[in-house]
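Protein chains in written order, with the UniProt record's numbering: chain A, 1 to 351; chain B, 1 to 765.
Everything on this sheet refers to the single structure shown next.
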């Protein structure tokens, strides 16, 4: 694989783990990212890809009170985002609003819309419904799943319902089904669990160990991609939790994050602790059941699913985000605070 | 111009002249001038003098225009000469014609005088012929009556003789039966048949009855003769023919005889079954071959001979019954092959198989002599193909089963195998099974190929093909099975608890490694085959599979360590960690895991070159290894120092340093596998550390653990740069994630490590 020095770089001051696509910004390709520094002043960077696509411009730099473990941009308001942060000893989660800039860049303060302060344990993720405007939020800590009602105008968030994951299930993250407003998948040490938000009951589970990250296919219903420690990447049909549809080798070390392209069918990005980002082509032609079965069993997928491996990173890559505006662009963030935006256009033609 | 003319006349003077002569003559005799002008057309205007369309004025003009005086004069002389010539020729011709005309007139005159006396002679001849005819008519009429009388008398006499014959028939038949001249008897009877048919009910009633009685006796005798085996075949055949002539229902006889034949066939099969049984009982390898050689040569051969004879006889007796016989013979062959197939199912050695095939082939050849129309060799060739194919397939199946049995057996009893190297035993066992098994198989097939049996000679190419195919399939199946085996083991080990899983995993590890090792052997095997064996493909498959398996193994091992680390890092509250008192237990467990890996790997994988040297060193004298350790300690101390004082700097320096390739390709050596596992584990350790937040004590604990780990690792495995780097990275990561990163004082660190070392040494003693 080629080294992939084609990417556009952007350096954060400190280490960082999370980057998110600003989906609501329809005029620009923007990403938002936050640093993870225990002892320094943390920052949130709003980055915009220049119109020529050759440069990354810092559109906003805001100080954030604590180190950021998770960050998610609101899918319907480009100025709103959520963070999960930690002081080292305690955790918190909040919804922030970027103040109107009007050209001034003198590090304005973020406006805290709401604090998701019902948690006791370590908070892992805050989820927005990825498909559009929805006044609900989900936050996941080690043991519980919270459903919040967010009122931006009143600047308040209230717990609507809460469910414990059950004994011995330490939740680590999750994904909200873009096709079903009431379905959420959470990952824990030994399985992926599916929840119905109306009843807050578990509906299904995939028993599989050490899942770091899960991501729903934006285009196709019922397709979930998971990333695991050693065994790489699995693609599941949530209706058939017994065995995966497909298995990709993943990374040399842990596969940390995985994300499906919002536009192109079967394109999957994965980031790993072996300091690489891999671009996969996994043709999961699941238009209907009949085809799905034949495809899953046929050895037709002999072609190497790995399209490219971007290895121009100095450290583990934890952050990964497709641009929803220009779906052939993705941003990756390695632990040393380096954002790299790459275009996958050269590989699209190969499809 | 003149010159050209000259040369032309000079070139063809004779031909030209003769031709002109002939043309002129023909024009003289032939009034049709169509062909004449064609010839001189070649000569253009000047020579067209002979043609009818010759224009003298034009010719003259042309000549006068074109020629000079000299030329004209010469031309004039030439023409004069030519004219003279023509005149003499013409004169000669006229004379000759005249001569011929005179002689023809003479001949006609002579003919006229000769023809006058001919008519009188002719009339005389006619008269004489008329008188001859009238005389012969007279003779004919005078003799006619007498001739008719004679003819009538002759007819009566014949009739009388026939009647006499019929009256004598019974007696004659009886005489014939007595003297066994059946053929004559039948001939007589058949001769008399038409008469009996016409007059049997009236005048010759008695005669008919008597002769029919005689014929019944005759038929009885003939039947007896037909069925008695003691009679010669010739005689029996004759009897059959006679019976047929007597309108006796031969078909039923034929059916009966066929039945008899079938019965004998059944007996034959029973006998052969008996032989097979005997064979099977005497199934110890030393006697196998002999048993098959000796027994069939006596009993079986004889019975087959008998059968062949019977068929021969039958064919002679009933020449039109081939189809039934063919069916019968084919049945026999089919039954034979069925028998063999049954035996094949029960797994027989190739010697036996060969023996059986040989027996069948001799049988077939025997029968072929008798019954060549049945195309038995071809038929048995087909059947043999199927059987041999099945044999090949079943042999491979058995081999596969053997191998997996061997593996499973080892899998079941690794615990009770208190030996030091259960894995090695398992490896050896399965390797041996694979190699030995396929070697034996090859030898067997070689034997099959080398045998000069007609059947097999014809099948040789097919067999070679099948064996190759079989080998490929076999190896592929072996692959699959191994993969399934490892996969299953893996899933169970995941499902079961840690302790239970350990056993399964260990076994699996063994299996996986064994396979890895034996694949190279498998590749060699393919080459040894000597045929156009697609060994390249197979080798490639093996290589990729062994790679997969190796990765699988590494994965499994690192997964276990990962679980260990996960427990270690999720359980305590690192922010409220107490001061480190000793190296944490997880390091011990980690090291233990590594040792296990080492011991497993050592048994199965070859050593790398560098490693060999190093190891012989440390084994040579305990002293030197000790000094090594001390040196390592010093080095590590300096490392810690660096880590302590310049954490950020190292981190920054790292950015400028050339990127250390942590994850390199795994090779099939002990060191490579070990270091890969260690590297993966250390990377996991780093990642786990990054996910936590530590207080000072927590950081110091990590520092201590890593320090100890470094020492232990240096003692145990070849520490490459990447491992050192990773160890540093863990400390860096911990300091980054520490609220108050104050490292442990060096003497304290040293002391704690030494205490731990001493303790572990004590335990090992």
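Where is the CB? At the ideal position from N, CA and C, for every residue including glycine.
Among the options, nearest to residue i - alpha-carbon criterion
{"i": "residue 73 (chain A)", "options": "A:23, A:193, A:39", "result": "A:23"}
{"i": "residue 716 (chain B)", "options": "B:726, B:741, B:750, B:670", "result": "B:670"}
{"i": "residue 159 (chain A)", "options": "A:100, A:166, A:146, A:165", "result": "A:146"}
{"i": "residue 747 (chain B)", "options": "B:162, B:93, B:707", "result": "B:707"}
{"i": "residue 33 (chain A)", "options": "A:49, A:55, A:70, A:130", "result": "A:70"}
{"i": "residue 702 (chain B)", "options": "B:713, B:714, B:686", "result": "B:686"}
{"i": "residue 266 (chain A)", "options": "A:306, A:59, A:114", "result": "A:306"}
{"i": "residue 255 (chain A)", "options": "A:264, A:234, A:262, A:263", "result": "A:234"}
{"i": "residue 15 (chain A)", "options": "A:44, A:270, A:97", "result": "A:44"}
{"i": "residue 206 (chain A)", "options": "A:182, A:179, A:239", "result": "A:239"}
{"i": "residue 192 (chain A)", "options": "A:199, A:203, A:277, A:98", "result": "A:203"}
{"i": "residue 803 (chain B)", "options": "B:397, B:68, B:333, B:133", "result": "Nothing about residue 803 (chain B) can be read from this structure; chain B reaches only from 1 to 765."}
{"i": "residue 582 (chain B)", "options": "B:206, B:752, B:600, B:154", "result": "B:752"}
{"i": "residue 218 (chain B)", "options": "B:183, B:80, B:204, B:73", "result": "B:183"}
{"i": "residue 679 (chain B)", "options": "B:738, B:723, B:711, B:698", "result": "B:723"}
{"i": "residue 212 (chain B)", "options": "B:227, B:225, B:188", "result": "B:188"}
Helix, strand or coil at residue i according to DSSP, with G and I counted as helix
{"i": "residue 243 (chain A)", "result": "coil"}
{"i": "residue 78 (chain A)", "result": "coil"}
{"i": "residue 196 (chain B)", "result": "helix"}
{"i": "residue 61 (chain B)", "result": "helix"}
{"i": "residue 666 (chain B)", "result": "coil"}
{"i": "residue 750 (chain B)", "result": "helix"}
{"i": "residue 17 (chain A)", "result": "strand"}
{"i": "residue 253 (chain A)", "result": "coil"}
{"i": "residue 155 (chain A)", "result": "coil"}
{"i": "residue 744 (chain B)", "result": "coil"}
{"i": "residue 187 (chain B)", "result": "helix"}
{"i": "residue 237 (chain B)", "result": "helix"}
{"i": "residue 329 (chain A)", "result": "strand"}
{"i": "residue 237 (chain A)", "result": "strand"}
{"i": "residue 125 (chain A)", "result": "strand"}
{"i": "residue 41 (chain B)", "result": "Per-residue confidence for residue 41 (chain B) stands at a pLDDT of 42, beneath the threshold of 50, marking its modelled position as unreliable; the derived number appears in the next sentence. Three-state DSSP puts residue 41 (chain B) in a helix."}
{"i": "residue 263 (chain A)", "result": "coil"}
{"i": "residue 344 (chain A)", "result": "coil"}
Residue range of the unbroken alpha helix (DSSP H) whose run includes residue i
{"i": "residue 733 (chain B)", "result": "721-736"}
{"i": "residue 671 (chain B)", "result": "670-690"}
{"i": "residue 61 (chain A)", "result": "No alpha helix (DSSP H) holds residue 61 (chain A); the beta strand (DSSP E) holding it covers 56-64."}
{"i": "residue 176 (chain B)", "result": "118-178"}
In DSSP terms, what residue i is bridged to
{"i": "residue 7 (chain A)", "result": "The partner list for residue 7 (chain A) (beta bridge, DSSP) is empty, contrary to what the question assumes."}
{"i": "residue 216 (chain A)", "result": "A:224"}
{"i": "residue 97 (chain A)", "result": "A:80, A:111"}
{"i": "residue 176 (chain A)", "result": "A:184"}
{"i": "residue 33 (chain A)", "result": "A:19, A:45"}
{"i": "residue 83 (chain B)", "result": "None; residue 83 (chain B) has no bridge partner."}
{"i": "residue 342 (chain B)", "result": "According to DSSP, which records beta bridges pairwise, residue 342 (chain B) is partnered with nothing at all."}
{"i": "residue 338 (chain A)", "result": "A:11, A:334"}
Boundaries (first-last residue) of the beta strand (DSSP E) holding residue i
{"i": "residue 358 (chain A)", "result": "In the structure displayed, chain A extends from 1 to 351; residue 358 (chain A) sits before or after that span and is not available."}
{"i": "residue 136 (chain A)", "result": "136-141"}
{"i": "residue 196 (chain A)", "result": "191-196"}
{"i": "residue 583 (chain B)", "result": "Looking at the DSSP string, residue 583 (chain B) is not in any beta strand (DSSP E), and its letter there is neither H nor E."}
{"i": "residue 716 (chain B)", "result": "Here residue 716 (chain B) belongs to no beta strand (DSSP E); instead the alpha helix (DSSP H) covers 696-716."}
{"i": "residue 204 (chain A)", "result": "201-207"}
{"i": "residue 319 (chain A)", "result": "317-322"}
{"i": "residue 272 (chain A)", "result": "267-272"}
{"i": "residue 67 (chain A)", "result": "67-73"}
Within chain D, the residues that residue i reaches when beta carbons sit closer than 7 Å
{"i": "residue 88 (chain A)", "result": "Among the protein chains of the structure shown, namely A and B, there is no chain D."}
Scan the stretch 728-741 of chain B for residues whose Cβ lies nearer than 8 Å to a Cβ of chain A and list them as they occur along the chain.
From the stretch 728-741 of chain B, only 736, 737, 738, 739 have a Cβ closer than 8 Å to chain A.
When you check each C-beta in the stretch 672-685 of chain B against every C-beta of chain A, which residues fall closer than 8 Å?
Sequence-ordered contacts of the stretch 672-685 of chain B with chain A read 680, 683, 684 [C-beta pairs closer than 8 Å].
When you check each C-beta in the UniProt repeat "WD" (248-280) of chain A against every C-beta of chain B, which residues fall closer than 7 Å?
From the UniProt repeat "WD" (248-280) of chain A, only 252, 253, 254, 273, 274 have a Cβ closer than 7 Å to chain B.
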